[in-house]
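The structure under discussion appears below in the form of C-alpha cells.
Residue numbers (our numbering): 4 to 256.
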C-alpha cells in the first residue's frame with residue numbers, strides 16, 4: 004500500500020498507512036486541529052503520542068460536511084455540526100434544492116432540515132446517471148471525452164478517499180499529493196475541501212478539454228490537457244457557465 008503522505012510503500016509498523024515516522028509526524032502536523040477536535044489529543048502536549056491508528060480513527064470520525072472540521076451531531080442527521088452550517092449549506096445549494104426537492108429556502112414557512120442533504124445527494128446521483136444515459140444516446144464517442152471522463156472520475160475518487168497509487172497517476176505524470184497541493188492553492192475564497200466533496204467545486208480545465216485533440220495518453224495534447232498548471236478548483240455553476248468553447252456545457256470534471 005502507498006503512504007498517505009508521500010506515496011512510498013507503507014510498513015506494518017505504521018499500520019500500512021505510513022512509510023516512516025517522518026510521514027506520520029508530517030500528517031499529524033498538517034491535521035493537528037482535527038486531531039485535537041475529534042481525538043482529543045494535542046500533538047504539542049508533553050507525553051502525547053500520535054500513532055498510525057489515530058489516522059484510521061480520524062478518517063472514521065463523522066465530520067460536518069460543510070465546515071469539514073467540527074463533529075457532526077445526531078441533531079443534524081450526523082451531516083452537520085450546527086444550525087449555522089446547515090444554513091450555509093442551504094444557501095450555497097439553494098438552486099439545487101429548488102430543482103430537485105421543490106423547496107425555495109426564501110419562501111415563508113419553508114424549513115430546510117439535515118435530511119434534505121441526504122435527499123439532494125441521492126437526487127444529484129440520479130441526475131448524474133440520467134446525464135450518462137443521455138450521452139450514450141447522443142453517441143458521444145469522442146476518445147478524448149471518454150478517456151477524460153475516466154481520468155476525472157479516478158481523480159475525484161483519489162482526492163475524496165485519499166487513495167494513492169492508482170493508474171491515472173502514471174498516465175498524467177504526477178501523484179495525488181501533487182494534485183492536492185496544487186488544487187489547494189486554487190481554492191476559491193470562502194470554500195474548503197468539504198465543498199469539493201459535496202460537488203459544489205469541480206476540477207476545471209482552464210483551457211477546456213474540447214480544445215485539445217488526443218486519443219490516448221501517449222498523445223502530446225493529453226499531457227498538456229492534464230498538466231497541473233491547466234487545472235484549478237472552480238464553483239460548479241461557474242464551470243457550467245464557462246462551457247467548453249463550443250457553446251455546449253461541459254461534463255462534470
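Just so you know, even glycine gets a beta-carbon here, dropped at the ideal spot from N, CA and C.
Remember, predicted model here, so these are calculated numbers, not experimental data.
Quick one, which of the options has its alpha-carbon nearest residue i's?
i	options	result
residue 88	182, 221, 99, 75	75
residue 204	210, 194, 213, 211	194
residue 212	170, 188, 151	151
residue 184	192, 196, 174, 215	196
residue 6	202, 198, 78, 166	166
residue 86	234, 114, 103, 14	114
residue 97	79, 116, 174	116
residue 171	103, 127, 37, 230	230
residue 57	94, 72, 67, 17	17
residue 72	99, 102, 38	38
residue 102	122, 169, 84	122
Grouping DSSP H, G and I as helix and E and B as strand, with all else coil, what is residue i?
i	result
residue 206	strand
residue 64	coil
residue 126	helix
residue 43	coil
residue 169	coil
residue 192	coil
residue 218	coil
residue 147	helix
residue 5	strand
residue 230	coil
residue 74	strand
residue 142	Any reading at residue 142 must be qualified, since the residue scores a pLDDT of 40, below 50, and its modelled position is unreliable; the value itself is stated next. In the structure shown, residue 142 sits in coil (DSSP, three-state: anything other than H, G, I, E or B).
Buried or exposed, going by whether 16 or more other CB atoms sit within 10 Å of the CB of residue i?
i	result
residue 59	exposed
residue 269	Beyond the ends of the chain as shown, which are 4 and 256, falls residue 269; an answer cannot be given.
residue 69	buried
residue 219	exposed
residue 119	buried
residue 156	exposed
residue 265	Lying before the first or after the last residue shown, residue 265 is absent from the chain, which here runs from 4 to 256.
residue 79	buried
For residue i versus residue j, is the C-beta distance shorter than 7 Å?
i	j	result
residue 19	residue 4	yes
residue 65	residue 81	yes
residue 215	residue 224	yes
residue 242	residue 210	no
residue 147	residue 217	yes
With three or more beta-carbon pairs closer than 8 Å as the criterion, would you say the stretch 168-179 touches the stretch 47-66?
no
For the stretch 227-241 against the stretch 106-114, are there 3 or more C-beta pairs whose distance is under 8 Å?
no
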